[in-house]
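Chemist: These protein sequences, in sequence, are chains F and Z. Sequence positions in the first sequence follow the working numbering and run 1 to 365. Sequence positions in the second sequence follow the working numbering and run 1001 to 1327.
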Amino acid sequence: MPIDVEVQKKTRSLTYAEALREATAICMRKDPNILVIGEGVPDPKGIFGTTSGLREEFGAERVLDMPLSENGMTGVLIGLALAGFHPLMIHQRVDFALLAMDQIVNNAAKWHFMFNGKENVPMVVRVLVGRGWGQGPQHSQSLQALFAHIPGLKVVMPATPSDAKGMLISALEDKNPVIFMEHRWLHGFKDEVPEGFYRVPLNQARIAKKGSRATIATFSYMTIEALRAAKFLEEFGIDVEVVDMRSASPLDAQTVTDSVKKTGHLLVCDTGWKTGSVSGELVAQLTETGFAYLRKAPRRVALNDHPIPTSHYLASACYPEAEDIAREILLLLGTEKERGAFGSLERLRRKGPLDVPNFDFHGPF
Amino acid sequence: MKTGASVTPGELLALYRSMFRIRRIEESLAARYADQEMRCPVHLCVGQEAVSAGVCLALSRTDTVYSNHRAHGHYLAKGGDLNAFVAELYGKAGGCAGGFGGSMHLMDKRVGFLGCTPIVGSTVPLAAGSAWAHMLRKNQSVAIAFFGDGCFEEGVTHEAMNLAALKKLPLLFVCENNLFSVYTPLKERQPDRPIHEVAKAHGWGVHAGDGNDAAGVFEATRRAVAWAREGRGPQFLEFFTYRWLEHCGPNYDDHLSYRSEREFGQWKERCPVVSLERRLLDEKILDPKMTQEMKTEIECEIQAAFRFALLSPPPSAENLRQRVYAD
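1. Can you name the residues of chain Z whose CB is closer than 7 Å to the CB of F:S69?
2. Using a beta-carbon distance below 7 Å, is F:G79 in contact with chain Z?
3. Can a CB atom of chain Z be found closer than 7 Å to the CB of F:P177?
4. Helix, strand or coil, according to DSSP, for F:K209 in the structure here?
5. Step through the CB atoms of chain F and report whether any lies within less than 7 Å of the CB of Z:P1311.
6. Based on DSSP bridge pairs, tell me the residues matched to F:S13.
7. Going along chain F, which residues have a C-beta under 8 Å from Z:M1107?
8. So does F:F96 have its beta carbon nearer than 6 Å to some heavy atom of the ligand MG?
9. Using a C-beta cutoff of 7 Å, does Z:S1130 count as contacting chain F?
10. Only counting runs of 4 or more residues, tell me where the alpha helix (DSSP H) segments fall wholly within the segment 1165–1203 of chain Z, in order along the chain.
11. Z:F1100 touches chain F at which residues, Cβ-Cβ below 9 Å?
12. Going along the chain, which residues of the segment 97–112 of chain F sit with their C-beta nearer than 8 Å to a C-beta in chain Z?
13. Give the single residue among Z:E1011, Z:I1022, Z:A1005 whose Cα lies nearest to the Cα of Z:I1298.
14. Just tell me which of F:G334, F:D163, F:A297, F:E281 has its CA closest to the CA of F:Y198.
15. Pull out every residue of the segment 1225–1258 of chain Z whose Cβ sits closer than 9 Å to any Cβ of chain F, in chain order.
16. Am I right that F:V76 and Z:A1160 are in contact with their C-beta atoms under 8 Å? What's the rounded C-beta distance?
17. Go ahead and label F:G59 buried or exposed: buried means 16 or more other beta carbons lie within 10 angstroms of its beta carbon, across all protein chains shown.
18. Using the C-alpha atoms, what's the distance from Z:A1014 back to F:I47?
19. Going by the DSSP bridge assignment, what does F:V125 pair with across the sheet?
20. Let me check one thing: in DSSP terms, what residues is F:A217 bridge-paired to?
21. Please classify F:D43 as buried or exposed, where buried requires at least 16 neighbouring CB atoms within 10 angstroms.
22. Any beta-carbon of chain F closer than 7 Å to the one on Z:N1319?
23. Going along chain F in order, which residues have a C-beta closer than 8 Å to the C-beta of Z:S945?
24. For F:R295 and F:G264, which I take to be in contact (beta-carbon distance under 8 Å), what is that distance rounded to the nearest angstrom?
25. For Z:V1324 and F:Q138, I'd like the C-alpha separation in whole angstroms.
26. Give a yes or no on whether 7 Å exceeds the smallest Cβ distance from Z:P1125 to chain F.
27. What do you reckon, are the CB atoms on Z:F1146 and Z:S1257 nearer than 7 Å?
28. Could you compute how far the alpha carbon of Z:F1306 sits from the alpha carbon of F:S140?
29. Report back the beta-carbon spacing between F:D174 and F:L153 to the nearest angstrom; my notes put them in contact at under 8 Å.
30. When DSSP builds the beta bridges, which residues end up paired with Z:F1239?
31. Between Z:F1308 and Z:G1095, what straight-line distance do the alpha-carbon atoms span, to the nearest angstrom?
32. Using a Cβ-Cβ distance under 7 Å, would F:A83 count as near chain Z?
33. Find the nearest neighbour of Z:L1171 within the set F:R350, F:G79, F:V41, judged by alpha-carbon distance.
34. So which residues of chain F does Z:G1115 contact, with C-beta pairs closer than 7 Å?
35. Please list the terminal residues of the continuous alpha helix (DSSP H) segment that includes Z:V1333.
36. For F:M1, does the three-state DSSP call read helix, strand or coil?
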């Protein structure tokens, strides 16, 4: 996919949610075959604002609510995709998409392959990862590894508003099924977003911050925490590189290898569980191809292997944040000079309730 | 009125030819299966040919069909290419899915046979999606999902039925009720109520009939297709029929005693191919000379298809990874 050189165009500050809405509208104006379907898509809340106003502009035939039939509707949309439409399906939590695993894994991912490349399933499934305000065991899973395991699916998880827009545009132009994962806490984040149409590739990591001492490879929301940690470490003269992976499949191990060649140290930060994870896959690939560049064993910051409980007293303790990332880097580098920073780690700890992304939020999600 | 009374002699002949051809193709596959060159599961439809022939004769080329694991009859009756079909079972490059699919992944888009898969219920919503596409494109076509009685136990079937009724999709479900899922009889899987009555409760138009009577299947389908085209919403057709051979494979499996000899005997008596042949001979629509000519022609076609399959080169394993994503 060509990288759009026009990314340099005029920008303005948009939230991640607004950027997604804008990308959808731009693509729908361009391609009449795009249909947007999901539970709550045209309702007054418009999937946290990401689909607001679309029905008014594009009509009820292209912007639809749906019966609570996740598997059946995924199959229906595959049928539409095979007939030349380009459906965008939205699940307010990725946990709901588990009901549709037969259609996603057995049909969408394999149709192109099992019919000898004669057909393809152009389809985007937006899935949201919940966190905080009592999301509990069945509304907080970050299941990128489950999808990334399946050949035939592309799995992306942009961390910034401009990537969210550019990657959704690319996904809506792609000929394959794309699982588009959005961490719920990112929806409110504001950043500069280019105007108009531009693409961000679905298979390339991005250097979010340049550095030389260690590489922090991050998935989705963990990019935000890693950048906080990086800023803190800078105060102590520790210059880390943050690589925002942007996609879980394909995994851009090359960009990470190039970074590690320079830094010799790797820390991978994932929003999912540790076992069988994309962070594990990235470490494995790096070890296979870039072992010689590693000065220490790679480390990971990820969720411990248990579900997230509902009570905020319990849940807040489950999520690693900037403090944990910075601590891992200090342990990884492990020189006398770095040890001075240990005493200050507490400064990274967020004040106030930890089950919400920022302090002006009063729930529920 | 006799079923099939509105069916013309030409249509009756077409039904007979279609059924006889499917029967002979299935028998030929069974005969050659022991050669161990068709190295994939086969779910033969011997005994059930009338449903395939009757339904597909009522369709246009542009109507779209999705099917299941027992798809040979559906594919062939819809006009799917025979050479590509046999080559697919031989795992050859000339197969309709280049050997990537096998017996349970047939496709011939040229004639509207859009695909089949063996996960029971899996293609049912795809047919609903196809019907929805017809409706959005206003092209007057209908979509059809073929499935068996077991598929009615899958949640996804009911999810698709709910949506199809809601949107009044131009969609037909053809339920081939052959009374068994592998070895398990219907009565161990479903309560004693007619399947099509459940479809009625979903808001569908329904019809139930003898699945071994090709003319009756054709008439009922023609009517249902007309209604679906007119925008009267989805139509459910339940046809009672019987699978003669084992669930999967080329043999009879009566020694397993999961069904009674008496029951099988009664269904065999009502062979869809033989009974229509008798009727055509009785009504002088067919004479022994015509029958012989037709049979010879079909045998030649089948022999040619096996030759094609055997001569077709094996697919290359070189570029498997290139098939995973479309560019």
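We put the beta carbon where it would ideally sit given N, CA and C, even for glycine.
Modeler: Once the coordinates are examined:
1. E1159, N1162, L1163
2. yes
3. no
4. In this structure, F:K209 counts as strand in the three-state DSSP scheme.
5. Correcting the residue type first, residue 1311 of chain Z is Leu in the shown sequence and not Pro. By this cut-off, Z:L1311 is not an interface position.
6. Its beta-bridge partners are F:E192.
7. F115, K118, E119
8. As far as ligands go, the structure on display features none, and thus does not contain the ligand MG.
9. yes
10. 1195–1201
11. Under the 9 Å cutoff, chain F gives F113, M114, F115, N116, G117.
12. Of all residues in the segment 97–112 of chain F, D102, Q103, N106, N107, W111, H112 have a Cβ within less than 8 Å of some Cβ in chain Z.
13. Z:I1022
14. Considering only alpha carbons, the answer is F:D163.
15. none
16. 7 Å
17. exposed
18. 54 Å
19. F:M89, F:I179
20. Answer is F:V243, F:V268, bridged to F:A217.
21. exposed
22. no
23. The requested residue 945 of chain Z is not part of the displayed model; chain Z covers only 1001 to 1327.
24. Correct: roughly 4 Å between the Cβ atoms.
25. 31 Å
26. At least one chain F Cβ lies under 7 Å of Z:P1125.
27. no
28. Rounded to whole angstroms, Z:F1306 to F:S140 spans 55 Å at the Cα level.
29. Rounded, the Cβ-Cβ distance is 11 Å, inconsistent with contact.
30. Beta-bridge pairing links Z:F1239 to Z:E1176, Z:G1209.
31. 10 Å
32. yes
33. F:G79
34. The answer, in chain order, is F115.
35. Within the shown structure, residues of chain Z are numbered from 1001 to 1327, placing residue 1333 of chain Z beyond reach of any answer.
36. Per-residue confidence for F:M1 stands at a pLDDT of 44, beneath the threshold of 50, marking its modelled position as unreliable; no derived number is given.
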